[in-house]
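Sequential numbering of the sequence shown, starting at 110, is according to my numbering. In what follows, a single structure is set out as structure tokens and then discussed.
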Amino acid sequence: MSSTQSRYHEVYARWKADPEGFWAEAARGIDWIRPAGTVFDPKAGIYGRWFTDAVCNTCHNAVDRHVAQRGEQAAIIYDSPVTGTKRAVTYAELQDEVATLAAVLRDMGVEKGDRVVIYMPMIPEAAFAMLACARIGAIHSVVFGGFAPKELATRIDDAKPKAILSASCGIEGARVLAYKPLLDEAITLSASKPESCLIYQRPQCEASLVEGRDRDWQSETARARREGRRAECVPVAATDPLYVLYTSGTTGKPKGVVRDNGGYMVALKWSMEYFFGVKPGEVFWAASDVGWVVGHSYIVYGPLLHGCTAILYEGKPVGTPDAGAYWRVIADHGVVTLFTAPTAFRAIKKEDPNADLLKRYDLSSFRALFLAGERADPDTVKWAEDILNVPVIDHWWQTETGWPVAGNLLGLGALPVKHGSPTVAVPGYELDVLDESGKSVGRGKMGTIVAKLPLPPGCLPTLWNADQRFRESYLSVYPGYYNTSDAGYIDEDGYVWVMGRTDDIINVAGHRLSTGGMEEVLASHPAVAECAVIGVKDSLKGEVPCGFVVLKSGVQKAPEEIEKELVGLVREKIGPVAAFKLAITVPRLPKTRSGKILRGTMKKIADGEEWTTPATIDDPIILEEIGEALRARGVTG
């Protein structure tokens with residue numbers, strides 16, 4: 110569908126004119142035990158609640174209701190290049206697995222409203238665990254597998270789980286990481302102790318069980334199956350929590366983002382059709398991890414609510430075995446839509462700049478690529494467009510929102526692309542850009558991006574046991590608005606430009622400059638695979654920018670020569686006001702496991718401030734390399 114045929118403006122206007130009518134219509138895509146009499150109650154909760162008097166069950170909507178119509182269709186395809194395993198789980202099989210595991214949870218004393226921590230690798234049992242909790246009304250909290258014991262312990266203490274579900278190990282590339290010793294240490298460190306743990310034994314590394322506390326996953330589910338015990342779906346209020354997902358807090362205490370059942374289902378089901386443009390029965394792949402919000406929304410719940418086949422991939426974009434891994438998965442399983450982080454595509458581009466490996470695979474099923482998780486630089490988007498010849502859609506959202514805030518709605522007919530912008534606000538979100546005093550800055554001017562309250566269905570209603578912290582973190586700075594803490598602007602066409610976190614705006618001699626804008630310039634250089642710009646303290650100008658670049662494989666020019674060209678490029682494109690004089694070539698950038706670059710930690714190292722290794726980091730050694738690179742260039746803080 111061409112941009113002239115896009116229904117976006119018509120649909121957005123319809124939502125704005127009648128939000129309750131809009132979401133009442135969307136809610137008809139969900140099976141309700143009792144539909145909502147009140148679509149939105151402005152007096153409920155902190156900023157109002159959606160579907161307050163409705164009753165439902167998320168597992169029924171994601172699994173059971175599909176069995177009659179598409180029971181033999183694959184619900185989940187597990188593809189694990191790190192173990193050489195592929196497994197398709199049909200909707201009928203998924204129902205059996207989930208109902209059986211839910212019966213085991215019941216045996217362990219887990220009831221409606223209890224919390225269950227899930228500490229799992231990317232295996233089908235992780236999805237079974239989430240759905241089994243949803244089935245009996247328990248609240249799951251997935252913690253990224255392999256998280257350090259101290260970080261896991263803080264989450265255990267906050268959620269106070271009745272039970273913990275885990276596996277003996279995860280596999281990171283070629284490395285087997287034993288989870289059980291990490292889990293045991295976390296339980297020792299935590300004040301709140303689970304009554305029991307259920308451990309899935311993987312053949313790569315068997316775990317020893319603690320007598321009286323730990324149970325063997327395979328034995329318990331086999332026994333329940335022999336005895337014919339299956340748990341049925343438990344009715345819950347639409348406003349009851351489905352899960353708590355922890356995001357890092359600035360105080361060091363993680364923030365437990367609460368997600369409800371009803372509003373989340375409505376938003377995700379709507380987004381699968383109208384945002385991603387995917388039909389029931391099609392194969393959808395979010396190349397993320399169940400430990401992150403993308404894994405919750407678009408590996409497990411979104412695709413299954415919509416009756417799609419979801420890919421659950423245990424591997425990397427490169428190195429398992431090469432930079433053609435994504436093309437192989439798309440070809441093998443007939444994937445129509447891939448959602449991944451820009452980092453993944455930068456890694457593929459670095460290893461295989463000409464996309465030679467793509468020529469080995471038939472991607473005739475493939476329709477669209479969606480990028481989110483951090484800013485998608487125009488160079489990477491253009492590269493992906495050129496090699497794939499399908500729409501490449503940058504979009505923007507957060508753990509807190511649970512689904513996209515801004516993007517190009519493929520299901521409504523895509524609008525023209527502006528490289529560097531995730532396009533427009535999604536229906537449900539009214540966005541504005543405010544200055545420090547809370548005034549709207551107008552079109553084209555930089556400030557803090559906010560969303561007018563109430564937030565749409567699917568967004569967080571609060572933080573777990575921390576209503577006041579929720580108000581302080583998100584609502585108090587700009588009354589009447591949700592503060593995204595992202596900086597950017599909205600242009601004359603209503604396109605949103607997200608330039609980075611508000612702390613990524615640096616003040617150079619009184620000029621507020623976006624590090625994202627500088628990164629865009631650096632990424633446009635043909636030798637640069639990926640980059641990051643931070644502000645470094647400067648006694649004269651307050652802050653000056655410092656750019657870190659990773660070069661593409663096979664670049665012949667000397668790094669020093671490229672660095673000089675980059676300094677000239679920023680001067681040419683942004684101007685002398687940027688005071689950009691320092692580009693440093695490094696072998697790799699420090700990132701979280703989800704692919705976000707750790708700019709805040711890099712800045713602390715450069716400024717000589719105290720810093721700690723973030724729990725989410727992919728490889729801690731890289732931070733030492735950054736420190737050495739800074740010292741070698743005379744930046745010592």
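Glycine residues also receive a C-beta, built at the ideal position from the N, C-alpha and C atoms. None of the values given here were measured: they were computed from a predicted structure.
Query                                                                                                                                   : Result
Presumed contact (8 angstroms Cβ cut-off) between G556 and Y598, rounded CB distance                                                    : 7 angstroms
Endpoints, beta strand (DSSP E) assigned at E281                                                                                        : 278-281
Range of the contiguous beta strand (DSSP E) that encloses W132                                                                         : Note, W132: premise wrong, no beta strand (DSSP E); alpha helix (DSSP H) at 128-135.
8 angstroms contact criterion, which E315 and S277 should meet: CB distance rounded                                                     : 6 angstroms
Given 8 angstroms, three or more beta-carbon pairs between the segment 215-226 and the segment 264-275                                  : yes
Reduced DSSP secondary structure (H/G/I, E/B, other) of L480                                                                            : strand
V345 to I245 span [Cα, whole Å]                                                                                                         : 9 angstroms
Distance CB(Y383)-CB(A395) smaller than 8 angstroms                                                                                     : no
Under the three-state DSSP convention, the category M555 falls into                                                                     : coil
Sequence ranges, alpha helix (DSSP H) only - wholly within the segment 579-666, length at least 4                                       : 624-632
Unbroken beta strand (DSSP E) run spanning P668, endpoints                                                                              : No beta strand (DSSP E) contains P668, which is instead part of the alpha helix (DSSP H) from 668-682.
Contacts around A440, its chain only, beta-carbon distance under 7 angstroms, and the 5 residues preceding and following it disregarded : Y470, D471, L472
For W379, three-class secondary structure by DSSP                                                                                       : helix
Cross-strand partners of R311 (DSSP beta bridge)                                                                                        : C314
Residues that A197 bridges to, as DSSP identifies them                                                                                  : I186
Separation of A208 from R339, as counted between CA atoms                                                                               : 5 angstroms
Where the alpha helix (DSSP H) through S328 begins and ends                                                                             : 326-335
Same chain only: Cβ atoms within 7 angstroms of R179, ignoring 5 sequence neighbours per side                                           : Y200, G390, G416
Nonlocal neighbours in the same chain, by C-beta distance under 7 angstroms from I722, ignoring five residues either side               : Inspection of the sequence shows that residue 722 is occupied by Thr rather than by Ile. For T722, where only same-chain residues beyond five positions count, the Cβ hits under 7 angstroms are P729, L732.
Cβ shell of T510 (< 6 angstroms), same chain only, five flanking positions each side left out                                           : C568
Short Cβ contact (8 angstroms threshold) for I368 with L354                                                                             : Correcting the residue type first, residue 368 is Arg in the shown sequence and not Ile. Going by C-beta atoms, R368 is nearer than 8 angstroms to L354.
Close Cβ partners of M711 (< 6 angstroms) along its chain, the five nearest in sequence each way excluded                               : I643, I735
Span separating the alpha-carbon of E718 from that of N170                                                                              : 49 angstroms
Per-residue DSSP class, three states only, for P303                                                                                     : coil
Bounding residues of the beta strand (DSSP E) (the contiguous stretch that carries H249)                                                : 248-251
Span separating the alpha-carbon of Y591 from that of Y117                                                                              : 23 angstroms
Among R324, G321, Q204, F160, the one whose alpha carbon lies nearest that of A177                                                      : Q204
C-beta atoms of L50 and A687 nearer than 8 angstroms                                                                                    : The first residue shown for the chain is 110 and the last is 746, placing residue 50 beyond what the model contains.
DSSP-derived helix/strand/coil call for G416                                                                                            : coil
Sheet register partners of L543 (DSSP bridge)                                                                                           : S549, T557
Residue burial classification, I502 (beta-carbon count within 10 angstroms, cutoff 16)                                                  : buried
CB of T418 within 8 angstroms of CB of V392, strictly                                                                                   : yes
Burial state of I308 (16 or more Cβ within 10 Å)                                                                                        : buried
Rounded separation between P525 and V172 - CA only                                                                                      : 37 angstroms
Cβ shell of D325 (< 6 angstroms), same chain only, five flanking positions each side left out                                           : none
Cβ neighbours of A262 in the same chain (closer than 6 angstroms, five flanking residues each side left out)                            : A295, L298, S299
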